[in-house]
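All remarks here apply to the structure that follows.
Numbering (the numbering used here), first residue to last: 42 to 355.
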């Protein structure tokens, strides 16, 4: 639902929240509540991680990070005027730029599902720190969940362990319709254009890795700080690079080369940006530094990967 409203908030019914972040925050509450169930915590019970939940958790956090990023970019162009409620509650003392969602949760009516979610969640939740967190901070949390999901994600060449049904998933899940956000329209798509009319589709680890890495790159390309752009583009590249170890990577090769090329262009550009101030002062000596060489290497690697995309195997 959060994904749908991120595209068109007018689709919310009159008695429903119209902000996408409300649904994403509720989803995070549910994930955390599930991890803290008495049946899980009692007697030291060890419940294996479900990779699908971890990936869904990570994607939800990426949606929030992207929303924070979009909000900060808009705020830089048109700084918001503080409201009377902001001044009365003192939020501006802690947050120069208000976030895209409020730190105070609305009072939900008893018949609202949000009321039920709030009633069973732990007293202290991770979402309490999300209001003041930056997009980078939220991405760190998302990467933690992605790492868990990738670790437990089944390999087709190995038998499934605690996820015996993981190799056959509902088609809507594989298409990512439940986890995409508005920015996902800019993400890479599967190189296979064949649409299936079947109700189920065989699990594809490369597709899951490709989607995760694309979501990381979608945020990385638009972060304002060069060091953060470099970091997250490198993280995305490392996930793309994992795909070469998959048995069914052949059809993905061109798409992966294109994606990794974009990652390295972001890395090279971010490294070069750090020298711009010196160059604007006329200090050309920075072009002979190790940092300049690293920037050239990043850009050259990106161009090399993009050129490889155009070379078809004989």
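Here a beta-carbon is modelled for each residue, glycine too, at the ideal position from N, C-alpha and C.
When you compare each of the options to residue i by their alpha carbons, which one comes out closest?
| i | options | result |
| --- | --- | --- |
| residue 72 | 98, 53 and 112 | 98 |
| residue 103 | 281, 174 and 292 | 174 |
| residue 157 | 47, 74, 320 and 343 | 74 |
| residue 252 | 151, 269, 191 and 141 | 191 |
| residue 43 | 56, 90, 96 and 101 | 101 |
| residue 68 | 338, 94, 296 and 172 | 94 |
| residue 266 | 47, 311 and 343 | 311 |
| residue 145 | 151, 295, 47 and 159 | 159 |
| residue 244 | 287, 336, 77 and 263 | 287 |
| residue 178 | 246, 196, 264 and 148 | 264 |
| residue 291 | 330, 247 and 325 | 247 |
| residue 96 | 49, 185, 111 and 112 | 185 |
| residue 250 | 262, 269 and 285 | 285 |
| residue 269 | 148, 314, 196 and 58 | 314 |
| residue 196 | 283, 149 and 107 | 283 |
| residue 56 | 112, 187 and 149 | 149 |
| residue 262 | 325, 330 and 107 | 107 |
| residue 154 | 70, 112 and 170 | 70 |
| residue 26 | 176, 344 and 170 | As displayed, the chain neither begins before 42 nor continues past 355, which places residue 26 out of reach and without an answer. |
| residue 170 | 187, 147 and 143 | 143 |
Does the Cβ-Cβ distance between residue i and residue j come in under 8 Å?
| i | j | result |
| --- | --- | --- |
| residue 194 | residue 273 | no |
| residue 54 | residue 45 | no |
| residue 297 | residue 281 | yes |
| residue 141 | residue 118 | no |
| residue 62 | residue 114 | no |
| residue 189 | residue 278 | no |
| residue 78 | residue 168 | no |
| residue 316 | residue 350 | no |
| residue 59 | residue 47 | no |
For the alpha helix (DSSP H) containing residue i, name the first residue and the last one.
| i | result |
| --- | --- |
| residue 96 | 92-118 |
| residue 179 | 176-193 |
| residue 64 | 61-76 |
| residue 318 | 317-321 |
| residue 334 | 331-350 |
| residue 154 | 154-161 |
| residue 48 | 43-48 |
Does the ligand GTP have even one heavy atom less than 7 Å from the beta-carbon of residue i?
| i | result |
| --- | --- |
| residue 159 | This structure lacks the ligand GTP; in fact it carries no ligand of any kind. |
- Task: Assess, as a yes-or-no matter, whether the segment 145-163 is touched by the segment 255-270 under the definition of 3 or more beta carbon pairs within less than 8 Å.
- Result: no
- For the segment 249-308, list the alpha helix (DSSP H) runs that are entirely contained and at least 4 residues long, ordered along the chain. 267-283
- Message: Quick check: the segment 296-316 against the segment 267-283, are at least 3 beta-carbon pairs closer than 8 Å?
- Response: yes
- Per the contact definition of three or more C-beta pairs closer than 8 Å, is the segment 320-335 in contact with the segment 296-303? no
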